[in-house]
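In our numbering, the protein residues as written are 31 to 215. Every residue, glycine too, gets a C-beta built ideally from N, C-alpha and C.
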């Protein structure tokens, strides 16, 4: 992680480290680190004003992400695990957005990740999403969606859309699925 913008549920920013030789291990005690970010889902709920805009994020499942369309239409959530392009497969990014949106609304998540079907990083990302842990950019977006501020919504959504090669767009499509579809089971 190189910026507070990229804070995640289990990351912390250490501005300086002592000199380290190749192969040498260092330990940073979490008790000695000042907490600057709370990864819990915000309590505020989505302002209905943004529903139409959020629904449009489902359109990100085209072009590079078209492999995700069929399982999403059928709500075959487990077929998305490990599916698609990206260092975190786009299907996992979609599911992370879906889980975040469902939990934010106080609803059950309609799938259970199967360990070993995706990369270690994606598995941990899904585990964090299921636990209600959220990345800084995503939390900023949810807070904006609870507000009346169009600049905050478009700015934070743009920051996520530009995140990674396909990760941000897949995550936004998953969030849209959770917040705007009539049934998600």
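Judged by DSSP secondary structure, residue 169 falls within the alpha helix (DSSP H) whose first and last residues are 166-175. Of all alpha-carbon atoms in 200, 120, 129, the one lying nearest the alpha-carbon of residue 157 is that of 129. Relative to the Cα of residue 125, the nearest Cα in the group 92, 80, 207, 137 belongs to 207. Between the alpha carbons of residue 52 and residue 86 lies a distance of about 48 Å.
Going by beta carbons, residue 196 and residue 152 fall outside the 7 Å limit. Cβ-Cβ distances below 6 Å link residue 132 to 139, 208 in the same chain, with the five nearest sequence neighbours on each side left out; the list follows chain order.
Shown here, residue 163 sits in a strand according to DSSP, grouped into three states. Within its own chain, the residues whose Cβ lies closer than 6 Å to the Cβ of residue 199, once the five positions on either side in sequence are excluded, are 90, 191, listed in chain order.
One alpha carbon belongs to residue 150, the other to residue 141, and they sit about 18 Å apart. Of the residues 178, 111, 175, the one whose Cα lies closest to the Cα of residue 146 is 111.
Shown here, residue 70 sits in a strand according to DSSP, grouped into three states. Here residue 106 is not near residue 114, since their CB atoms are 7 Å or more apart. Closest in alpha carbon position to residue 69, among 183, 163, 76, is 163.
Shown here for residue 72: same chain residues with a beta carbon closer than 8 Å to its own, the five before and five after excluded, namely 134, 169, 172, 173, 176 in chain order. DSSP places residue 190 inside the alpha helix (DSSP H), whose first and last residues are 180-191.
Under a 10 Å Cβ-count criterion, residue 186 is classified as buried, with 16 or more other Cβ atoms of the shown protein chains found around its own Cβ. Contact check for residue 210 and residue 84: beta-carbon distance about 6 Å, within the 8 Å limit, so the pair qualifies.
The continuous alpha helix (DSSP H) containing residue 199 extends over residues 197-210.
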